[in-house]
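Which chain is which? The protein sequence lines are A and S, in order. Residue 400 in our numbering sits at position 400 of the first sequence, and the numbers go up by one each step. Residue 4 in our numbering sits at position 4 of the second sequence, and the numbers go up by one each step. Read the structure below first, then the notes.
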Amino acid sequence: MNASPAAQPSQEHSAARRVFHWLQRETADWLRTEGERWIFVAKAMLASFSALWLAFRLGLDAPYTALATTIILAMPSSGMVLEKAFYRFLGTLVGCSAALALVALFPQMPTVLFLGLALWVALCTGGAAMHRNQQSYSFVLAGYTAVMIAVPAVDAPASVFTLAVTRVTEVGLGIICSAVVHDVIFPRRHSRAVMRTVQARYAGFIDFCGKVMEQRITPAEAELNHLRFAADIAALESGRAAAFFEAGHSRSHTRQLHAFNAAFMTALTTFYTLHRLSHRLRTAAGVACDDAEGGRAGAAAGMDRVLALVAPLEAHMAAALHDDLTSARLAQMRSALAADIAAAREQLAAGPALDRAQQIDFDTAVELLQRFAGNLADFANLYHGLTQQKRQQVSDPGAYSPKTPPAIIVASGVRAGATLLITAAMWYWLAWPATVNAILMATIFCALASSSPRPTVLVQQVLIGFLIAMPLAFATEFLLVAKADNFYPLVLAALPLFAFGAYLSGGPRWGGVGVGLGMFSATLVVPANLMRYDVEAFISSELSLTMGVVVAYLMFKVVLPEHTMGHRGHVAAALWREAQNACNAKLHRLKRRFDNRVRDLLSQLNAAAGPAPNAETRAVVRQGLTLLELGHAVIELRELIAASHAGAARDSLQAVLQLLAAYLHAPSRSSGERALQAILDAGTAVRAALPDAHPERRVRLHTALTDLHSIYTSLLDQLSGDSHVPTPAA
Amino acid sequence: MFQHLPREVDFFGVLLPGVLPVFLAAVVLQLVLDAGLSYLGAYRRSWHPALVRLSMFVCIFSALLVTLYK
Numbered sequence: 001m002n003a004s005p006a007a008q009p010s011q012e013h014s015a016a017r018r019v020f021h022w023l024q025r026e027t028a029d030w031l032r033t034e035g036e037r038w039i040f041v042a043k044a045m046l047a048s049f050s051a052l053w054l055a056f057r058l059g060l061d062a063p064y065t066a067l068a069t070t071i072i073l074a075m076p077s078s079g080m081v082l083e084k085a086f087y088r089f090l091g092t093l094v095g096c097s098a099a100l101a102l103v104a105l106f107p108q109m110p111t112v113l114f115l116g117l118a119l120w121v122a123l124c125t126g127g128a129a130m131h132r133n134q135q136s137y138s139f140v141l142a143g144y145t146a147v148m149i150a151v152p153a154v155d156a157p158a159s160v161f162t163l164a165v166t167r168v169t170e171v172g173l174g175i176i177c178s179a180v181v182h183d184v185i186f187p188r189r190h191s192r193a194v195m196r197t198v199q200a201r202y203a204g205f206i207d208f209c210g211k212v213m214e215q216r217i218t219p220a221e222a223e224l225n226h227l228r229f230a231a232d233i234a235a236l237e238s239g240r241a242a243a244f245f246e247a248g249h250s251r252s253h254t255r256q257l258h259a260f261n262a263a264f265m266t267a268l269t270t271f272y273t274l275h276r277l278s279h280r281l282r283t284a285a286g287v288a289c290d291d292a293e294g295g296r297a298g299a300a301a302g303m304d305r306v307l308a309l310v311a312p313l314e315a316h317m318a319a320a321l322h323d324d325l326t327s328a329r330l331a332q333m334r335s336a337l338a339a340d341i342a343a344a345r346e347q348l349a350a351g352p353a354l355d356r357a358q359q360i361d362f363d364t365a366v367e368l369l370q371r372f373a374g375n376l377a378d379f380a381n382l383y384h385g386l387t388q389q390k391r392q393q394v395s396d397p398g399a400y401s402p403k404t405p406p407a408i409i410v411a412s413g414v415r416a417g418a419t420l421l422i423t424a425a426m427w428y429w430l431a432w433p434a435t436v437n438a439i440l441m442a443t444i445f446c447a448l449a450s451s452s453p454r455p456t457v458l459v460q461q462v463l464i465g466f467l468i469a470m471p472l473a474f475a476t477e478f479l480l481v482a483k484a485d486n487f488y489p490l491v492l493a494a495l496p497l498f499a500f501g502a503y504l505s506g507g508p509r510w511g512g513v514g515v516g517l518g519m520f521s522a523t524l525v526v527p528a529n530l531m532r533y534d535v536e537a538f539i540s541s542e543l544s545l546t547m548g549v550v551v552a553y554l555m556f557k558v559v560l561p562e563h564t565m566g567h568r569g570h571v572a573a574a575l576w577r578e579a580q581n582a583c584n585a586k587l588h589r590l591k592r593r594f595d596n597r598v599r600d601l602l603s604q605l606n607a608a609a610g611p612a613p614n615a616e617t618r619a620v621v622r623q624g625l626t627l628l629e630l631g632h633a634v635i636e637l638r639e640l641i642a643a644s645h646a647g648a649a650r651d652s653l654q655a656v657l658q659l660l661a662a663y664l665h666a667p668s669r670s671s672g673e674r675a676l677q678a679i680l681d682a683g684t685a686v687r688a689a690l691p692d693a694h695p696e697r698r699v700r701l702h703t704a705l706t707d708l709h710s711i712y713t714s715l716l717d718q719l720s721g722d723s724h725v726p727t728p729a730a
Numbered sequence: 001m002f003q004h005l006p007r008e009v010d011f012f013g014v015l016l017p018g019v020l021p022v023f024l025a026a027v028v029l030q031l032v033l034d035a036g037l038s039y040l041g042a043y044r045r046s047w048h049p050a051l052v053r054l055s056m057f058v059c060i061f062s063a064l065l066v067t068l069y070k
């Protein structure tokens with residue numbers, strides 16, 4: 001500042017104010033980011049040490065289980081804590097029962113017992129791979145709890161029941177403490193986060209539609225957007241599942257969210273079909289113009305005319321999307337669209353007749369636009385119902401059903417079972433008692449990481465956490481905890497270590513490290529009711545725990561390293577199988593299931609690909625979207641066939657389906673071309689039935705034509721890009 | 001008539017505290033009440049829904065204990 005402050009007190013005043021504002025801003029900023037994190041740490045510590053205190057007070061055998069439970073349950077929002085708590089309890093109960101059954105069956109035969117355990121763990125881990133989120137965690141837990149109970153009971157089968165009861169009690173204690181603390185003290189409600197997701201999704205989709213219709217986005221970007229939307233759909237479903245456990249989340253809300261997700265998927269698919277049609281028209285018009293000198297001027301002119309008729313319809317709709325879509329405005333948009341379409345038809349009739357193919361293009365574009373307007377209206381209505389907290393009577397379209405490629409399910413099961421057997425063999429041959437810890441850790445992390453798209457990264461992070469915790473836990477135990485003669489000094493001694501772990505796990509970057517650090521410390525540092533300080537045993541445990549994680553890491557590197565969640569090749573093959581399913585499976589709710597599963601596969605792909613998917617991943621996405629369109633059209637066609645009377649049109653449609661199923665079963669150029677020919681024939685047959693059909697049937701026939709058209713074009717796309725077609729064995 | 005409620009329950013040879021069944025009964029009652037209140041949208045009017053829910057549970061559990069263990 002050049003002017004002297006004494007001469008201009010007002011400026012000094014404003015400078016002070018600026019400093020004050022700056023401080024205020026920084027503080028608010030800190031409160032939003034770091035402050036939230038420290039509140040999380042404080043809550044986690046409160047839950048941990050209250051559980052520990054209660055466990056000591058009640059004289060439980062292994063207080064560290066209660067502590068470890070609270071550390072595992074420390075999640076950012078209260079809904080997530082409650083959900084995980086519920087599934088943890090469920091998994092623990094099932095796991096303990098399985099352990100009791102196994103030990104009771106084979107009390108004197110450790111080899112058979114271990115084989116049985118390996119089978120159980122393999123089944124549970126496979127089950128975990130089939131599910132998502134905390135349901136998957138429940139399966140993982142059922143698997144490794146059985147190992148935790150049964151392995152120490154190998155030498156003393158009589159104590160197994162006590163072990164199981166202790167485990168359930170302490171896990172229950174930890175769950176209650178965590179649930180109460182995280183739900184009641186400074187809760188971060190998950191339903192708010194879900195509503196924010198809903199709003200962001202709505203805004204994102206409307207914006208995306210506008211951009212695409214005004215051609216402000218490249219096809220590659222559009223594909224990435226579709227991939228992200230698929231991930232969003234899965235995320236909204238998992239968020240809804242977590243918010244379900246919070247107070248005030250009613251069933252009608254669940255139904256509304258399901259319906260919202262379903263309406264979104266439908267709108268997205270219709271929009272994709274529409275977008276591809278107009279994209280194809282545009283490129284065809286461009287190519288035809290280039291060829292115009294070669295005598296194809298007529299075709300070019302036809303394409304141009306169709307484009308010239310369709311483009312303003314799209315532009316009007318895109319303009320309508322800029323406003324807030326209230327139901328009145330939506331009705332207005334639809335009537336404007338109908339008027340536009342009528343005008344376009346008149347214009348078309350006034351000019352010279354179009355080629356047959358171009359006529360079909362035009363009809364399909366019109367039908368798709370109308371359908372999209374309808375889908376959009378449903379979607380917007382559901383959105384407004386959600387944001388204005390109106391209770392809407394919506395029929396539940398059913399929960400989101402995930403889909404994991406079977407090869408991955410089997411691989412995760414085999415890997416987890418093999419890990420258990422290998423570590424058990426190590427236990428036997430090394431004759432080192434502490435290897436029990438290694439068995440547990442290897443099994444736990446093999447199972448946990450199986451449901452993660454990048455398991456080695458997760459296990460690596462946990463390993464880093466273990467390595468950091470080794471010296472820290474040692475120092476805490478023998479320099480601090482050993483001096484504590486009471487519960488409160490003990491808390492003081494252990495607090496820094498646990499708070500550090502909780503702080504790390506509160507952020508996304510080092511979450512795995514934090515969990516590893518917390519688990520390791522919880523297992524070792526906390527005193528039992530009767531404390532023994534034994535340096536040798538402590539180091540032995542430290543080494544064996546770390547060894548277990550190393551084994552898990554090696555197993556992921558060595559045993560079927562390509563069979564992980566969302567691996568490109570597996571997803572591509574599974575998408576292909578889903579398309580086959582669309583041709584053959586039972587029709588009941590098939591559309592919803594098909595939609596869910598394809599989107600789930602895409603979201604797995606997204607999770608595995610990270611923020612910047614490479615070209616191969618994008619090729620799989622493109623193929624997935626094409627198959628999605630194809631499958632939708634096939635399912636609709638099948639519904640039409642099921643509802644219609646026998647006749648030439650129906651027979652020809654059935655022939656299309658058969659040939660298409662044959663093509664999807666064994667993709668080859670010749671079978672693809674046969675299917676294309678059948679589609680053309682069916683088109684002729686349906687058109688022949690059109691003139692003397694009554695109005696209701698006419699609508700259905702038009703739908704059939706649209707479906708045939710989208711099957712035809714997506715099949716053409718498949719055949720032109722044969723490189724994406726995976727062999728069924730891939 | 002409830003004076004003779006057992007302090008401990010014998011569960012396959014393991015003695016479990018007698019309040020456990022009461023606790024579970026309270027959980028079930030709470031779940032029913034919770035579903036009802038969610039349906040009516042009563043939580044939307046409260047300042048801290050989770051606290052309301054917890055307090056309700058404590059009330060139910062205590063009421064059961066007070067009436068069953070005289």
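All C-beta atoms, glycine included, are put in the ideal place defined by N, C-alpha and C.
Straight-line Cα distance separating residue j from residue i
i	j	result
Glu639(A)	His694(A)	19 Å
Tyr87(A)	Phe23(S)	19 Å
Gly737(A)	Arg280(A)	Residue 737(A) is absent from the structure shown; chain A starts at 1 and stops at 730.
Leu54(S)	Phe61(S)	11 Å
Ala338(A)	Ala685(A)	28 Å
Leu40(S)	Leu29(S)	17 Å
Proximity test, Cβ basis, 8 Å: residue i and chain A
i	result
Ser62(S)	no
Tyr39(S)	yes
Arg44(S)	yes
Arg7(S)	no
Leu65(S)	no
For residue i, three-class secondary structure by DSSP
i	result
Asp595(A)	helix
Leu495(A)	helix
Leu274(A)	helix
Glu8(S)	strand
Pro219(A)	helix
Pro508(A)	coil
Pro667(A)	coil
Pro107(A)	coil
Leu58(A)	coil
Same chain, Cβ closer than 6 Å to residue i, neighbours up to 5 away in sequence not counted
i	result
Ala730(A)	For Ala730(A), the predicted structure reports a pLDDT of 30, less than 50, and the residue's modelled location is therefore unreliable. The matter cannot be settled from this model.
Tyr663(A)	Ser671, Gly672, Ala675
Arg334(A)	Ala373
Phe139(A)	Cys124, Gly127, Ala128
CB contact below 8 Å: residue i versus chain S
i	result
Gly631(A)	no
Asp183(A)	yes
His258(A)	no
Pro508(A)	no
Val180(A)	yes
Ala416(A)	no
Same chain, Cβ closer than 8 Å to residue i, five either side skipped, listed in chain order
i	result
Gly511(A)	Gln461, Leu504, Ser505
Phe205(A)	Phe229, Phe264, Ala267, Leu268, Phe379
Gly295(A)	Low confidence applies here, because Gly295(A) scores a pLDDT of 45, under 50, leaving its location unreliable and the question unanswered by this model.
Arg700(A)	Leu640, Ala643, Ser644
Residue i Cβ short of 7 Å to the ligand MG heavy atom set
i	result
Glu221(A)	Only the bare structure without any ligand can be found here, which leaves the ligand MG out of the picture.
Neighbour flag for residue i against chain D, beta carbons, 8 Å
i	result
Ala50(S)	Protein chains in the displayed structure are A and S, and chain D is not among them.
Residues of its chain near residue i, where Cβ-Cβ distance is below 7 Å and the 5 sequence neighbours each way are ignored
i	result
Arg698(A)	Leu690
Asp600(A)	Ala234, Pro402, Lys403
Leu307(A)	Leu281, Arg282, Ala285
Quick one: which unbroken alpha helix (DSSP H) runs of 4-plus residues sit fully inside the segment 388-454 of chain A? Chain order, please. 406-430, 435-450
Taking the runs of the alpha helix (DSSP H) that are 4 residues or longer, which of them lie wholly in the segment 669-721 of chain A? 669-689, 695-720
Would you mind listing the alpha helix (DSSP H) stretches within the segment 297-329 of chain A that are 4+ residues and don't spill past its ends, in chain order? 297-321
Segments of 4+ residues assigned as alpha helix (DSSP H) that fall wholly inside the segment 521-556 of chain A: none
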